[in-house]
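This report refers to the structure that appears directly beneath it.
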Amino acid sequence: MNIDHFKPAIVYTIYIASTPEKVWTALTSAEFSRKYFSGLAVEAELKVGGAFIVRTPDGSVHIAGEVIECDRPRKLTITWNVNWPGLVEMLGPTLVTYEIEQAGEAAKLTLIQAHDRPISDDILSGGRAGWPAILSSLKSVLETGSPLVIKMEPPRRMLAALKQMGIATP
Amino acid sequence: MSKPEFVYITYIETTPEKLWEALTSSEFSRRYWFNTDVKSDWKVGSPFALVMNGTTTDVGEILEADPPRRLSYTFQHVTNEEARKQPPSKVVFTIEPHGKLVKLTLTHEGFAEGNKHLDGISKGWPAILSSLKSLLESGTALAIPPSALGIEGFE
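So the sequences go chain by chain: A and B.
To get the numbering used here, take the position in the first sequence, counting from 1, and add 10.
To get the numbering used here, take the position in the second sequence, counting from 1, and add 6.
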């Protein structure tokens, strides 16, 4: 997949008292993701073209995608398509990139959410609310061993905007 | 067109009171804010200054102080002539209880078009607030070398 025409819409950087390798493992393993990502299980086939899936606790597919770039433990780019009927048709694919760098004794993790077309602030409110919660909890898991229990619901303005576009949401 | 501003949200396992103290006490700030003192009496209209390793880097005035919920101050970088000519920007911290956690939202806004300081601000706050979160949750701030931030002139 050619990703040259994707433009960053959301960038979030967080520093973690950990190593790039441990951050990579936390981002790509179900064992970790269930702790910090609302019980969701990340299943990543870590090679270019491999499948990237996020499952809900009942086993159904919530996010489906493909590994686009894979340079362990520095850079992982995946398509991140939420499995709501009509979403990809209307919004196009969502591209997520994790960049991980050593920063002294810490690891610097930068999340970039990119799109191939302009996306409204209403739709982007989902990622702008969600990523800080997910990555704050991931940081806590790696630093203290305990995730944060962050109660999150999709922003109403996002759900309303999706509904207006004819995209089915739960 | 998006406004020239920087917004950062983080969730911290602490109390609003402890987070307020960490944002307004030099004893705390020196540990997570690259050895910077936060100087003010935190009353509306009072002066505010950041003093890094003994050098005043930024100054401002307290606009709002509602402990432990909301703090805002004007913000002007003063380490070089060009920065001193820019009109001040504005920093707002919002502290909200979120279940057993605290949600911290930082908004740094009011940048004039072309203010070059926004880029450095956007690289600095994630490091400062990540280290603040670590300090409050684990008792240990992060040891991030300034060069890791990628800010020109901050090494």
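Yeah, the Cβ is synthetic: ideal placement off N, Cα and C, and Gly gets one too.
Taking 3 residues as the shortest admissible run, the stretch 12-46 of chain A contains the following complete beta strand (DSSP E) segments, listed from N- to C-terminal end: 17-26. Just so you know, the alpha carbons of residue 161 of chain B and residue 63 of chain B end up roughly 14 Å apart.
Identification of chain A residues near residue 15 of chain B by a Cβ-Cβ cut-off of 7 Å yields 142, ordered along the chain. Not a single C-beta of chain A is nearer than 8 Å to the C-beta of residue 114 of chain B.
Think of a sphere of 7 Å around the beta carbon of residue 158 of chain A: the chain B residues whose beta carbon falls inside it are 17, 19 and 107, in chain order. Contact check for residue 20 of chain B against residue 108 of chain B passes: the beta carbons are separated by less than 8 Å. Within the stretch 86-117 of chain A, 111, 112, 113, 114, 115 and 116 place their CB atoms closer than 9 Å to a CB of chain B, listed in sequence order.
Following the DSSP letters along the chain, one finds residue 140 of chain B inside the alpha helix (DSSP H) bounded by residues 123-144. When Cβ pairs closer than 8 Å are counted between the two stretches, the stretch 160-169 of chain A is seen not to touch the stretch 59-67 of chain A, the count staying below three. When the beta-carbon positions are compared, residue 57 of chain B and residue 79 of chain B stay at least 8 Å from each other. Taking CB atoms only, residue 146 of chain A has a neighbour in chain B less than 8 Å away. With fewer than 16 other Cβ atoms from the protein chains shown falling within 10 Å of its own Cβ, residue 128 of chain A counts as exposed. Look at the stretch 29-87 of chain B and you find these whole runs of beta strand (DSSP E), each 3 residues long or longer: 42-45, 53-58, 61-72 and 76-83. Contact of residue 55 of chain B with chain A is not assigned, every C-beta pair being separated by 8 Å or more. By the CB criterion at 8 Å, residue 68 of chain B and residue 46 of chain B fall inside the cutoff.
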